[in-house]
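Just so you know, we're using this note's numbering here: the sequence shown kicks off at 6 and counts up by one.
Let me begin by presenting the structure, written as structure tokens, before commenting on it.
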Amino acid sequence: MITTAEIISIGNELLIGQTLDTNTNWLCRQITGLGGRVHRAVMVPDDLVAITRELSDALDRETDVIITTGGLGPTADDRTLEAVALALGRPLAENDEALRMIEQRYNELFERGLVDQPGLTEARRKMGRLPQGAQPIFNPVGGAAAVRLDLDTTPMISLPGVPQELKGIWQGPLQPTLTELFGQGAYLERAVVTTCPDDSVLAPLLAEVVQRHPDVYIKSHVKAFGTARQEIRVTFSMAGA
């Protein structure tokens, strides 16, 4: 059975075009490579009501895994965990393990000369206030811990929005969780480049393949349309256990 996922990217900077959301593209490729399937990916502002609504809707859709990116930092507009707590009806409180992780990271960053002050400040303590029952996940790159929280059978994972931090957590401390959630799934992809100048000629042939192999996803892409070098790239892919 294929594990389904939804991605909620949070941040005003995404919606005003100030920052390009490369995280969603990267996560989609990672999840697909694990044999999972992303059913939905959205961007929402740093607004408590908007985030809470999107989380509640995702839970109602009964997706297997919900992933959020962004909004875990120390500033006032970082409200993801507050929204998660509200959506799940759980209190927000300081988590001792998260605070230890954050303190450790800032001490390390201070020793490397990357921050001016070690230890916990009030702004940094904010990042250690998690919804009740949440599990912090160590951030080997930045300061804010990632967070996992399960609601019945639906795991929710909140990741930092900084791409280097998100990737560092995903490829490091989060690996055991990913194995648990996606199992031994696999994704296979093969591409064929044809010199056929007209994709409408290929369409009925591809439709016949789809009819015979409904589990195979087929996508054709026209390259250099209208030129003598026109090619059609046909990609065949399949996910599963």
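Using N, Cα and C, we set each Cβ at its ideal position, and we do this for glycine too.
In this text, all values refer to a predicted model and were calculated from it rather than measured experimentally.
If you look at M106, you'll find it in the alpha helix (DSSP H) that goes 101–116. Per DSSP, reduced to three states, the secondary structure at L93 is helical.
In this chain, V120 is not harboured by any beta strand (DSSP E), its DSSP state being neither H nor E.
Closest by C-alpha distance to R110, out of E194, F143, D52, is F143. In this structure, V206 sits away from E236, with a CB-CB distance that is not shorter than 9 Å. Looking from the CA of P79, the closest CA among K172, R129, V215 belongs to R129.
Between T158 and G124, the alpha-carbon positions lie close to 36 Å from each other.
Rounded to whole angstroms, the separation of the alpha carbons of D203 and A196 is 18 Å.
I72 and L183 do not touch by the CB rule: their CB atoms are close to 11 Å apart, not below 8 Å.
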